[in-house]
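A.B. asks:
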Amino acid sequence: MDITTHRARITGPVSYRAGTGRKQTIPIGPCLVESVGGRCIDIIWGTRGQSSVALPVEEIEAAQDQGHLLLLD
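Take 1 as the starting number for the sequence shown in the working numbering and just add one per residue.
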């Protein structure tokens, strides 16, 4: 299983459903984008990488197309 990690930046609203079912937004700022080869991609953020969410590839691509998620490498 290959894991691909990219440094990235959230520049606009990227939403997800929290464990409580409430809609939340990933904070603007630096993050990591990690792909394990499946249909979901992990977004990891926080000063120590303490927060993360798995989003479908389609949502990641839409965020990139809108300019809300920029890959830095």
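Glycine included, every Cβ here is placed at the ideal spot set by N, Cα and C.
Source: prediction; values computed, not measured.
Go to I41, then tell me how far its alpha helix (DSSP H) extends in each direction, as first and last residue.
C.D. replies: Run containing I41: none in the alpha helix (DSSP H); it sits in the beta strand (DSSP E), C40 to W45.
A.B. asks: By the three-class DSSP mapping on this structure, what secondary structure does V36 have?
C.D. replies: In this structure, V36 counts as coil in the three-state DSSP scheme.
A.B. asks: Just checking my contact of T11 with I28 at CB under 8 Å: how many whole Å lie between their CB atoms?
C.D. replies: Contact holds; Cβ gap of about 6 Å.
A.B. asks: Please classify I28: does DSSP put it in a helix, a strand, or coil?
C.D. replies: Coil, per DSSP.
A.B. asks: Pull the bridge partners of I10 from the DSSP assignment, please.
C.D. replies: Paired residues: G29 and L69.
A.B. asks: For L70, I'd like the list of residues in its chain whose CB is within less than 7 Å of its CB, leaving aside the five on either flank, ordered along the chain.
C.D. replies: If we look at L70 and ignore the five residues flanking it on each side, its Cβ neighbours are A8, R9 and T11.
A.B. asks: Classify C31: buried if its beta carbon has 16 or more other beta carbons within 10 angstroms, exposed otherwise.
C.D. replies: Result: buried.
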